[in-house]
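Chains as they are written, first to last, in this note's numbering: chain A, 1174 to 1294; chain B, 1174 to 1294. In this text, a Cβ means the ideal position worked out from N, Cα and C, and glycines have one as well. Okay, so here's the structure we're looking at.
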């Protein structure tokens, strides 16, 4: 119930594609992540996922199109929809994620990048 | 699955204390609201509620203290906790809310200000 300053939380870590938890409510978690280059194609079988951009540009690629998200944009990727987040070369993108506490960021794909137990900051 | 620009959505309405829905995921809704002056003391029996400030200042009063939230700050008010959001005189505060689809913004209190069926924008 203490207030959280989002940019202050972003300043606490520098790892990429490693979501950090900053809050939990109603079985959902609020996470922050710093993104560069590209992630992996994946989908979440049972969970919708919200991305809210705090800094930079995120290209959200779907199988049939790409959506370019900038600061202040958000998108909800419904469960089951394959997506491939990428960031323009040389840039960094900061996002807030909102998803069930159970969500793995690589979805159904187990990948060397999968973070099993995201850290609270 | 279309991207949503948050500030653009804020520009679509001007009513105060009247949450507008901009997204839904996992049974939760993302809402925007413009706040002035004060609301009502209330709590939510079964729902935690997230406030993320996009513009201005929100004083979140609890029975034992007040927390001042500015742009970029967020707070999660746990279920059952009485709160009384107020905005400094003459100012306007824009917030994003994240809460279960079932949440009434006045909580267990039925008030003339209670919006029964928030509108999608």
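Coarse secondary structure for residue i, derived from DSSP in three states
i: residue 1182(A); result: helix
i: residue 1267(B); result: strand
i: residue 1177(A); result: strand
i: residue 1273(B); result: strand
i: residue 1279(B); result: coil
i: residue 1294(B); result: coil
i: residue 1196(A); result: strand
Alpha-carbon to alpha-carbon, residue j and residue i
i: residue 1196(A); j: residue 1220(B); result: 14 Å
i: residue 1205(B); j: residue 1194(B); result: 7 Å
i: residue 1254(A); j: residue 1280(A); result: 10 Å
i: residue 1184(A); j: residue 1250(A); result: 26 Å
i: residue 1207(B); j: residue 1186(B); result: 9 Å
i: residue 1291(B); j: residue 1244(A); result: 26 Å
i: residue 1262(A); j: residue 1294(B); result: 34 Å
i: residue 1257(A); j: residue 1271(A); result: 17 Å
i: residue 1182(A); j: residue 1246(B); result: 10 Å
Given residue i as reference, the closest of the options once Cα atoms are compared
i: residue 1179(A); options: 1266(A), 1256(A), 1227(A) and 1286(A); result: 1227(A)
i: residue 1282(B); options: 1198(B), 1175(B), 1183(B) and 1214(B); result: 1214(B)
i: residue 1211(B); options: 1234(B), 1218(B) and 1225(B); result: 1234(B)
i: residue 1277(A); options: 1181(A), 1202(A) and 1182(A); result: 1202(A)
i: residue 1217(A); options: 1273(A), 1239(A), 1238(A) and 1252(A); result: 1252(A)
i: residue 1288(B); options: 1192(B), 1181(B) and 1267(B); result: 1192(B)
Residues near residue i in its chain [Cβ-Cβ closer than 7 Å; skip 5 each side]
i: residue 1209(B); result: 1189, 1260 and 1265
i: residue 1236(A); result: 1255
i: residue 1177(B); result: 1195 and 1196
Contact set for residue i: own chain, Cβ-Cβ below 6 Å, skip 5 residues either direction
i: residue 1275(B); result: none
Spatial neighbours of residue i in its chain, beta-carbon cut-off 8 Å, leaving aside the 5 residues before and after
i: residue 1242(A); result: 1224, 1226, 1230, 1231, 1232, 1233 and 1248
Burial state of residue i (16 or more Cβ within 10 Å)
i: residue 1199(A); result: buried
i: residue 1269(B); result: buried
i: residue 1175(B); result: exposed
i: residue 1285(B); result: exposed
i: residue 1222(A); result: buried
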